[in-house]
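To start, the structure itself, in structure tokens.
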Amino acid sequence: MATLSILSKTYTRANSLSPNSSASMPARESFQTSRGCMRDQVNAIIKGGLWANSVIFITWDDWGGWFDHVDPPNVEPWTDGTQFRYGSRVGCLVLSPYAKRGYISKALHSHVSLLKFCETTFGLSALTKRDAAADDMSDCFDFQQPPAPPPASHPA
0 MATLSILSKT
10 YTRANSLSPN
20 SSASMPARES
30 FQTSRGCMRD
40 QVNAIIKGGL
50 WANSVIFITW
60 DDWGGWFDHV
70 DPPNVEPWTD
80 GTQFRYGSRV
90 GCLVLSPYAK
100 RGYISKALHS
110 HVSLLKFCET
120 TFGLSALTKR
130 DAAADDMSDC
140 FDFQQPPAPP
150 PASHPA
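No gaps in the numbering here: position 153 of the sequence shown is 152 in numbering that gives the first Met the number 0, and each next residue is one more.
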């Protein structure tokens, strides 16, 4: 298996119209079907013997509603001086033998943090100023703890 693999269901106009699509998790989709798809991908990594050397990030591209009590921060000015502001927070689950158990990060992460994690892990240079300034999510890990066993498989 490659050092880096990105597992993602393709989300296209064709499958976005299907009521049984497991490609995404918008409200019109079956949560059970989408959760089953995620479970199957995680189980494939575990059953393939890759758990001991893997990190699995499960994240979404949509926010969860207007309930968030934290205002999105301004992060940088655009070239015309307008402030670039993040949107509402989006969840990200970190599964790894070295992920901190029950940990809720207080650091400012963004989707770019996933790229920064790869750059840090593999010793790569940043592609842009944004990923150069991003947090690499290292606060989510404790490499001094004994490795955790893989999560148990549960039906969707």
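Quick reminder that beta carbons are idealized off the backbone N, C-alpha and C, glycines included.
Measure the alpha-carbon distance for residue i versus residue j and round it to whole angstroms.
i	j	result
CYS139	ASN73	23 Å
VAL54	ILE44	10 Å
GLY35	PHE116	26 Å
LEU123	ARG38	30 Å
SER104	HIS68	15 Å
PHE83	THR127	15 Å
Do residue j and residue i come within 7 Å of each other at the CB atom, strictly closer than that value?
i	j	result
MET136	HIS108	yes
PRO96	PRO146	yes
LEU114	ILE57	no
GLN40	LEU6	yes
Relative to the C-alpha of residue i, which residue among the options is closest?
i	options	result
PHE142	TRP59, GLY48, ASN52, ALA43	ASN52
SER87	VAL41, GLY47, GLY48, ASP60	ASP60
TRP50	LEU94, ASP134, ARG129	LEU94
PRO148	SER104, ALA98, THR127, ALA125	ALA98
ALA106	GLY90, GLN144, THR120	GLY90
ARG129	LEU6, SER33, SER4, TYR85	TYR85
Tell me whether residue i is buried or exposed, calling it buried when 16 or more other Cβ atoms sit within 10 Å of its Cβ.
i	result
SER112	buried
ASP70	exposed
ALA131	exposed
ALA133	buried
Counting contacts by CB-CB distance shorter than 7 Å, is residue i in contact with chain D?
i	result
TRP59	As a matter of chain content, chain D is missing from the structure shown, which is built from one protein chain.
DSSP has residue i in a bridge; who is on the other side?
i	result
THR58	CYS91
ALA147	Bridge partners of ALA147: none, in fact.
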